[in-house]
Amino acid sequence: MLERKKEAFGRLIEVLDELRVKCPWDREQTMQSLRNCTIEETFELTDAIADMDYDGIKQELGDLLLHVVFYSKIADEEGRFDISDVIDFLCDKLIYRHPHVFGDVDADNPEQVTFNWAQLKLKEKKRKKGILGGVPKSLPAMVKAYRIGEKAASAGFDWEKREDVWEKVREEMDETEKEIRSGDPARMQDEFGDLFFSLVNAARLYGVDPEMALERCNRKFIRRFNHVEEQAGLSGKPVNEYTIQQLEAWWREAKIKERDEK
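The numbering used here applies: residue -5 is where the sequence shown begins, and numbers increase by one.
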């Protein structure tokens, strides 16, 4: 099995080497030109994961792997590093950050592993940005908020009991309502941000991925609203010509239909 994996990876490198020489499009690519494509491929992978579409996951993982090899190929041509350097660096990092597997450190639960990981990252050379310095600036805001909370918690900056987070959520709700009454757009934006951040941390403390939770909600809303539109179309008028009571009746129909199909 290991030999087959090595052979498949070697084949990918050979195919890309040939494309880089013979294909006009592949030959012209740079790290900058590939960047947006990489972002798009990453989101396509997350869509496939959300759908639990294993064929899609396999395909999108392949696309991302191509980008890893492609960036490494470009760097190799520039004399900076190659794919073997990327893999060796990754292996060395994994071994270093898992002393409970490759060393003599004890870690009997995921929480201890996470804590040890964070401490080791802080000790690594060239890490001068602090605990939150490794959070990518270009992450989507909700994902970034989750990672910020996660990293701060790994350093011990967290609620002692997860139930305590709800006091913070209620506090932020009160402050948000207060600023809504004030009518100041900038302050309202600040308070909505604080409220969202506290809810993201509440989700984290209860083991819920807030990005996935919101995406499930988005898809659920789309399904139900599509049903409303379909019913309105069957009745011969556009949606905005019906009363809210009629639209809500069709919405409830969609909810009942979903429940019955489960």
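Here a beta-carbon is modelled for each residue, glycine too, at the ideal position from N, C-alpha and C.
Computed from a prediction, not measured in an experiment: that's the story for all the values here.
**Prompt:** Is it buried or exposed for LYS(-1), if we count other Cβ within 10 angstroms and need 16 for buried?
**Reply:** In the sequence shown, the residue the question calls residue -1 occupies position 5. Answer is exposed; the Cβ neighbour count stays below 16.
**Asked** Do the region 146 to 164 and the region 198 to 218 make contact, defined as three or more Cβ pairs closer than 8 Å?
**Response** yes
**Asked** ILE7 and VAL99: beta carbons closer than 8 Å?
**Response** Position 13 of the sequence shown holds residue 7. Position 105 of the sequence shown holds residue 99. Not in contact: ILE7 and VAL99 (Cβ atoms no closer than 8 Å).
**Request:** Would you kindly report the start and end of the unbroken alpha helix (DSSP H) that includes ALA248?
**Result:** Sequence index remark: in the sequence shown, residue 248 carries index 254 (1-based). Note, ALA248: alpha helix (DSSP H), 238 to 255.
**Prompt:** Roughly how many angstroms lie between the CA atoms of GLU166 and LEU189, to the nearest whole one?
**Reply:** Here residue 166 is taken as the residue at index 172 of the sequence shown, counted from 1. Here residue 189 is taken as the residue at index 195 of the sequence shown, counted from 1. Their Cα atoms are separated by approximately 5 Å.
**Prompt:** Start and end of the alpha helix (DSSP H) containing GLN225?
**Reply:** On the sequence shown, residue 225 is found 231 positions in, with the first residue counted as 1. Element bounds for GLN225: 204 to 228.
**Item:** Cβ pair ARG21, LYS67 closer than 8 Å
**Value:** Taking the sequence shown and counting its residues from 1, the one referred to as residue 21 is at position 27. Taking the sequence shown and counting its residues from 1, the one referred to as residue 67 is at position 73. No; because the gap between Cβ atoms is not below 8 Å, this pair is not in contact.
**Prompt:** alpha helix (DSSP H) containing GLY4: first to last residue?
**Reply:** If you number the sequence shown from 1, residue 4 lands on position 10. Start and end: -4 to 16.
**Message:** If the criterion is Cβ atoms closer than 8 Å, does the pair ARG217 and ALA248 meet it?
**Reply:** Taking the first residue of the sequence shown as 1, we reach residue 217 at position 223. Taking the first residue of the sequence shown as 1, we reach residue 248 at position 254. Yes, these two residues count as a Cβ contact at 8 Å.
**Message:** To the nearest angstrom, how far is the alpha carbon of GLY177 from that of TRP245?
**Reply:** Taking the first residue of the sequence shown as position 1, residue 177 is located at position 183. Taking the first residue of the sequence shown as position 1, residue 245 is located at position 251. Their backbone Cα atoms lie some 32 Å apart in a straight line.
**Item:** Supposed close pair ASN110, PRO93 - CB separation, criterion 8 Å
**Value:** Taking the first residue of the sequence shown as 1, we reach residue 110 at position 116. Taking the first residue of the sequence shown as 1, we reach residue 93 at position 99. Contact holds; Cβ gap of about 7 Å.
**Item:** Presumed contact (8 Å Cβ cut-off) between GLU154 and GLU173, rounded CB distance
**Value:** Stepping through the sequence shown from its first residue, residue 154 is reached at position 160. Stepping through the sequence shown from its first residue, residue 173 is reached at position 179. Incorrect: roughly 29 Å between the Cβ atoms, too far for contact.
**Item:** Residue burial classification, MET206 (beta-carbon count within 10 angstroms, cutoff 16)
**Value:** Against the sequence shown, residue 206 aligns to sequence position 212. By the 10 Å Cβ count, MET206 comes out exposed.
**Prompt:** Span of the alpha helix (DSSP H) holding GLN26?
**Reply:** Working through the sequence shown from its first residue, we reach residue 26 at position 32. Note, GLN26: alpha helix (DSSP H), 25 to 44.
**Asked** Would you call the CB atoms of GLY143 and VAL194 closer than 8 Å?
**Response** Here residue 143 refers to the residue found at position 149 when the sequence shown is read from its first residue. Here residue 194 refers to the residue found at position 200 when the sequence shown is read from its first residue. Yes, the Cβ-Cβ distance between GLY143 and VAL194 is below 8 Å.
**Message:** On a Cα-Cα basis, can you pick out the residue from ASP102, ALA101 and LYS115 that is closest to ASP86?
**Reply:** Taking the sequence shown and counting its residues from 1, the one referred to as residue 86 is at position 92. Nearest option by C-alpha distance: LYS115.
**Prompt:** Could you check where the alpha helix (DSSP H) with LYS67 kicks off and where it finishes?
**Reply:** Taking the sequence shown and counting its residues from 1, the one referred to as residue 67 is at position 73. 48 to 71 is the span of the alpha helix (DSSP H), which, as asked, contains LYS67.
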